[in-house]
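> Got a structure here, written out as structure tokens. Questions coming.
In our numbering, the protein residues as written are 114 to 197.
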């Protein structure tokens with residue numbers, strides 16, 4: 114554990130300038146995808162993304178929720194559950 118702490122303490126500003134935006138991008142990837150695929154639930158997905166980033170299971174479920182917006186509507190229209 115001391116080696117990890119020492120590596121973080123000795124990291125350059127360029128390292129942090131690269132890692133922090135990358136982590137934030139991955140953390141909020143469900144929100145970005147929801148903007149394209151599930152716009153009606155974008156607000157809820159954005160709120161849920163903050164704590165969900167700390168759990169792989171919750172983050173994965175949020176990713177599925179973000180991507181399933183237009184797909185479910187398309188299948189519902191195809192099989193007659195929604196008006197065309």
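Don't be surprised by glycine CBs; every beta carbon is placed ideally from N, CA and C.
1. Specify the secondary structure class of residue 124 as computed by DSSP and reduced to three states.
2. Provide the residue span of the alpha helix (DSSP H) that contains residue 164, from first to last.
3. Taking the C-alpha atoms as reference points, what is the distance between residue 148 and residue 119?
4. Note down, in chain order, each residue of its chain lying with its Cβ closer than 8 Å to the Cβ of residue 176, except the 5 sequence neighbours on either side.
5. Tell me the DSSP secondary structure of residue 115 in three-state form.
6. With distances taken from CA atoms, which of 162, 153, 181, 121 is nearest residue 139?
7. Tell me the rounded alpha-carbon separation between residue 158 and residue 127.
Looking at the atomic coordinates:
1. coil
2. 155–165
3. 39 Å
4. If we look at residue 176 and ignore the five residues flanking it on each side, its Cβ neighbours are 142, 143, 146.
5. helix
6. For residue 139, the closest of 162, 153, 181, 121 by C-alpha to C-alpha distance is 162.
7. 31 Å
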